[in-house]
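Inspection log for the structure reproduced underneath, given as structure tokens.
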Amino acid sequence: MGGFDIETEEGRQEALRRMLTIRAFDSEAGDRFADGEIPGFVHLYIGEEAVGVGTCASLEDDDYIASTHRGHGHCIAKGLDPKYMMAELYGRAEGYCNGKGGSMHIADVDAGMLGANGIVGAGPPMATGAALSIDYQDRDQVAVGFLGDGAVAQGQVHEAMNLAATWDLPAIFVIENNHYGEGTPVEKQHNVDNLSDTAQAYDIPGLTVDGMDITAVAEAVGEARARARAGDGPTLIEAETYRYRGHYEGDEEPYRDEDELERWKARDPIDSFKERLIDRGELTVGEFDELESEIEAEIDAAVDYARDAEPPAPHEAYDDMFAETPPEIERFATAARTDGGERIEDSRSTSDRSRSEGGERR
Amino acid sequence: MTAQAERELETETETMTVREAVRQALREELERDEDVYVMGEDVGLFGGVLEVTSGLYDEFGGERVRDTPISEAGFMGAATGAAATGTRPVVELMFSDFAGVSMEQIMNQMAKMRYMFGGKAEMPVTVRTTEGGGMGAASQHSGTIHTWIAHFPGLMAVAPGTAASAKGLTKAAIRSDDPVFVFENKMIYEQEGAVPTDEDFTIPLGEAAIEREGDDVTVVATQRLVGESLQTAESLAEAGVEAEVIDARSLYPLDTETIVESVRKTGRLIVADESPLSYGTHAEIVARVQEEAFFSLDAPIQRVGTPDTHMPFSTPLEQEVLPDGDDVREAIERVT
Numbered sequence: 001m002g003g004f005d006i007e008t009e010e011g012r013q014e015a016l017r018r019m020l021t022i023r024a025f026d027s028e029a030g031d032r033f034a035d036g037e038i039p040g041f042v043h044l045y046i047g048e049e050a051v052g053v054g055t056c057a058s059l060e061d062d063d064y065i066a067s068t069h070r071g072h073g074h075c076i077a078k079g080l081d082p083k084y085m086m087a088e089l090y091g092r093a094e095g096y097c098n099g100k101g102g103s104m105h106i107a108d109v110d111a112g113m114l115g116a117n118g119i120v121g122a123g124p125p126m127a128t129g130a131a132l133s134i135d136y137q138d139r140d141q142v143a144v145g146f147l148g149d150g151a152v153a154q155g156q157v158h159e160a161m162n163l164a165a166t167w168d169l170p171a172i173f174v175i176e177n178n179h180y181g182e183g184t185p186v187e188k189q190h191n192v193d194n195l196s197d198t199a200q201a202y203d204i205p206g207l208t209v210d211g212m213d214i215t216a217v218a219e220a221v222g223e224a225r226a227r228a229r230a231g232d233g234p235t236l237i238e239a240e241t242y243r244y245r246g247h248y249e250g251d252e253e254p255y256r257d258e259d260e261l262e263r264w265k266a267r268d269p270i271d272s273f274k275e276r277l278i279d280r281g282e283l284t285v286g287e288f289d290e291l292e293s294e295i296e297a298e299i300d301a302a303v304d305y306a307r308d309a310e311p312p313a314p315h316e317a318y319d320d321m322f323a324e325t326p327p328e329i330e331r332f333a334t335a336a337r338t339d340g341g342e343r344i345e346d347s348r349s350t351s352d353r354s355r356s357e358g359g360e361r362r
Numbered sequence: 363m364t365a366q367a368e369r370e371l372e373t374e375t376e377t378m379t380v381r382e383a384v385r386q387a388l389r390e391e392l393e394r395d396e397d398v399y400v401m402g403e404d405v406g407l408f409g410g411v412l413e414v415t416s417g418l419y420d421e422f423g424g425e426r427v428r429d430t431p432i433s434e435a436g437f438m439g440a441a442t443g444a445a446a447t448g449t450r451p452v453v454e455l456m457f458s459d460f461a462g463v464s465m466e467q468i469m470n471q472m473a474k475m476r477y478m479f480g481g482k483a484e485m486p487v488t489v490r491t492t493e494g495g496g497m498g499a500a501s502q503h504s505g506t507i508h509t510w511i512a513h514f515p516g517l518m519a520v521a522p523g524t525a526a527s528a529k530g531l532t533k534a535a536i537r538s539d540d541p542v543f544v545f546e547n548k549m550i551y552e553q554e555g556a557v558p559t560d561e562d563f564t565i566p567l568g569e570a571a572i573e574r575e576g577d578d579v580t581v582v583a584t585q586r587l588v589g590e591s592l593q594t595a596e597s598l599a600e601a602g603v604e605a606e607v608i609d610a611r612s613l614y615p616l617d618t619e620t621i622v623e624s625v626r627k628t629g630r631l632i633v634a635d636e637s638p639l640s641y642g643t644h645a646e647i648v649a650r651v652q653e654e655a656f657f658s659l660d661a662p663i664q665r666v667g668t669p670d671t672h673m674p675f676s677t678p679l680e681q682e683v684l685p686d687g688d689d690v691r692e693a694i695e696r697v698t
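Residue numbers (our numbering), protein chains in the order written: chain G, 1 to 362; chain Z, 363 to 698.
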């Protein structure tokens, strides 16, 4: 098993740490977004921690996950470093994507994290593809595709499940049913009682678990992983959960009331897991408080790191389009590398000139 | 370098059709690299709807020549995920018109992953697809869409006009660590030509080929219109007009240098490409030539392409809108 099998005490401690890290990271990200320090969009995972962490608890370190737009939690669950994550949210060169991805595209392929994704429903085909590579090369891995409840209405999700099922690929699809697809309730978007019922169409196991209970999630994913590795194909798991924040930060949430939020908070995945560990004698309140402070300090340090990190140089905008930069792009890169975009070729066009005269800030 | 000179570098050639050249490229790359596999609708048992992959299933088996469900979004997305995780899929998209069904996976995933992730994702995927009118396949199976792909950042696009370039470009595409689309015009699958037999023969992406030298007018052509332009050039030579015919071969990257050098010599340019005329491949070539060689031009640049219609079914209608060698001739005559 990978870093934190929650069948073990050490693994349970790590699971608690990762859930707390997600909550602290996303609380901080929300605050820094509100301050205007973090640009763009952020979608926070607070409330859903047990799904990502429970899933990754049952994976090996080199297994793959393909994430959603709400991806910070998946990154931390998979073991990414909050420092470089925060640097990415701040658009810094030292971020995971050198500042090119941001919150919605944060990724670390080497760590098996195939990216947050701005397109709803894009994760499952990615996971099916990773599972295809695994199967083709006969590697001892699996690939998990996360999706939200809203994505269950996307065609590509079903095409991915059908392909994975037909080819018996080692994929696991995890629906995080947080009960709202953006601002519309789940029952207004789907006609099935349980979203996992859709598994029947592909003759694969489909089950619905309590997504506020990390143990239930880990157990379901563990079984799905064993099944995938045995060559028996994919599993669809629906984890019922809830997001405490809006769809995105700044969402005024006209679609739900405070009572509903409080009912879910009463089943908080971190509180309940903490209580369980205390009951088992594996944790004291004092140790929990200490762990929480330690993680808060780690996140504060991540913010300090991100604030102080260098932004990318403008010419880096032209890197990484291709393995080998074609002349179409190279000429802009060359211009941007020279101070002030000085003209370096007789053939440089007027469009190049206007760009160097201020087009960089478009 | 002229295509002739390029071929002379190759010690041995064999005459084969464009279809055979693509198939040979696939076979050689499947043999060379175990991480390469072919996937698509009916590519295996059936041998490909236009018979390009015929025989490969028997040679390499169903793991390496994989029949997919009719599910372009699913398998294009899966190919993207597979390419990012260590294998090298070669996807056949049966007709380029079907790109619309999988455009999300192409434009938002395949094209963007490397960049969005700061260069930390490889994307060695090849997409082969067929284009073009001429066989009465009507509007949803005859499109020429390569402009979309060549336009979209993060994708490479090639469009061979000869059997040799079909082989060399297909092999280069498969060996590339970037997503490359190979656009095969379905009307030239039976066109024959000399093809290098060297298993390491590839054509670098971004290099055009001068198929015929001439001093009076440059014709930059693609796909079927390369052969038609060459025939037109031969007949015009009898009337004393020497056309230089360039097979653009690679649409993105585009070999601006070879094209511009030719126009500097001839002072006249015809761009012949089957895609629709407005906002397209022609316009890109024209724009680059005027940026680099405006003062070398002696006459207005002419475009030969499909007027902005879809491909109609009935033969007289289809022939009306399909560009051909006569259209190239008329264009040359307008400016010489």
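Even for Gly, the Cβ is constructed at its ideal location relative to N, Cα and C.
Since the structure is predicted, the reported quantities are computational estimates derived from the model, not experimental observations.
Please classify residue i: does DSSP put it in a helix, a strand, or coil?
i, result
"residue 563(Z)", "coil"
"residue 134(G)", "helix"
"residue 490(Z)", "strand"
"residue 553(Z)", "coil"
"residue 237(G)", "strand"
"residue 163(G)", "helix"
"residue 348(Z)", "The displayed coordinates of chain Z run from 363 to 698. Any statement about residue 348(Z) would go beyond what the structure contains."
"residue 106(G)", "coil"
"residue 139(G)", "coil"
"residue 319(G)", "coil"
"residue 500(Z)", "coil"
"residue 288(G)", "helix"
"residue 209(G)", "strand"
"residue 632(Z)", "strand"
"residue 514(Z)", "coil"
"residue 373(Z)", "coil"
"residue 332(G)", "helix"
Applying a beta-carbon distance threshold of less than 8 Å, which residues of chain Z neighbour residue i?
i, result
"residue 119(G)", "466, 470 and 471"
"residue 321(G)", "476, 477, 515 and 516"
Suppose you measure from the CA of residue i to the CA of residue j; what does that come to, to the nearest Å?
i, j, result
"residue 33(G)", "residue 81(G)", "19 Å"
"residue 430(Z)", "residue 273(G)", "44 Å"
"residue 210(G)", "residue 48(G)", "11 Å"
"residue 85(G)", "residue 302(G)", "8 Å"
"residue 324(G)", "residue 618(Z)", "17 Å"
"residue 245(G)", "residue 42(G)", "11 Å"
"residue 587(Z)", "residue 654(Z)", "25 Å"
"residue 554(Z)", "residue 686(Z)", "18 Å"
"residue 601(Z)", "residue 691(Z)", "12 Å"
"residue 398(Z)", "residue 584(Z)", "27 Å"
"residue 660(Z)", "residue 578(Z)", "10 Å"
"residue 563(Z)", "residue 187(G)", "58 Å"
Tell me, to the nearest whole angstrom, how far the beta carbon of residue i is from that of residue j; I am working on the premise that it is less than 8 Å.
i, j, result
"residue 203(G)", "residue 165(G)", "7 Å"
"residue 291(G)", "residue 23(G)", "Rounded, the Cβ-Cβ distance is 12 Å, inconsistent with contact."
"residue 247(G)", "residue 182(G)", "5 Å"
"residue 92(G)", "residue 310(G)", "7 Å"
"residue 392(Z)", "residue 437(Z)", "18 Å between Cβ atoms; not a contact."
"residue 107(G)", "residue 99(G)", "About 13 Å; that fails the 8 Å criterion."
"residue 567(Z)", "residue 542(Z)", "7 Å"
"residue 125(G)", "residue 629(Z)", "Rounded, the Cβ-Cβ distance is 50 Å, inconsistent with contact."
"residue 663(Z)", "residue 648(Z)", "5 Å"
Starting from the beta carbon of residue i, find every residue of chain G whose beta carbon is closer than 8 Å, and list them in chain order.
i, result
"residue 641(Z)", "The contacting residues do not exist; residue 641(Z) stays about 17 Å from chain G at best."
"residue 435(Z)", "125, 155, 156 and 159"
Give the residues of chain Z in contact with residue i, contact being defined as C-beta atoms less than 7 Å apart.
i, result
"residue 326(G)", "568 and 615"
"residue 147(G)", "Ordered by position in chain Z, no residue passes the 7 Å Cβ test against residue 147(G), which lies about 13 Å from the chain."
"residue 133(G)", "444, 447, 448 and 449"
Check the Cβ of residue i against every Cβ in chain G and list those closer than 7 Å, keeping chain order.
i, result
"residue 521(Z)", "Under the 7 Å cutoff, chain G gives no residues; its nearest Cβ is about 16 Å from residue 521(Z)."
"residue 399(Z)", "136"
"residue 535(Z)", "Residues of chain G passing the Cβ test: none, with the nearest at roughly 13 Å."
Which residues of chain Z have a Cβ atom closer than 9 Å to the Cβ of residue i, listed in chain order?
i, result
"residue 110(G)", "482"
What do you reckon, is the C-beta of residue i under 6 Å from a heavy atom of the ligand MG?
i, result
"residue 197(G)", "The ligand MG is absent from the structure shown, which contains no ligands of any kind."
>> List, from N- to C-terminal side, the beta strand (DSSP E) runs of 3 residues or more that fit wholly inside the region 448 to 474 of chain Z.
In response: 450 to 455
> Given a limit of 7 Å on CB to CB distance, which residues of the region 152 to 178 of chain G reach chain A?
Replying inline: Of the protein chains in the structure, G and Z, none is chain A.
> What residue ranges within the region 37 to 104 of chain G form continuous beta strand (DSSP E) runs of no fewer than 3 residues, ordered along the chain?
Replying inline: 64 to 66
> Taking the runs of the alpha helix (DSSP H) that are 4 residues or longer, which of them lie wholly in the region 250 to 297 of chain G?
Replying inline: 258 to 265 and 269 to 279
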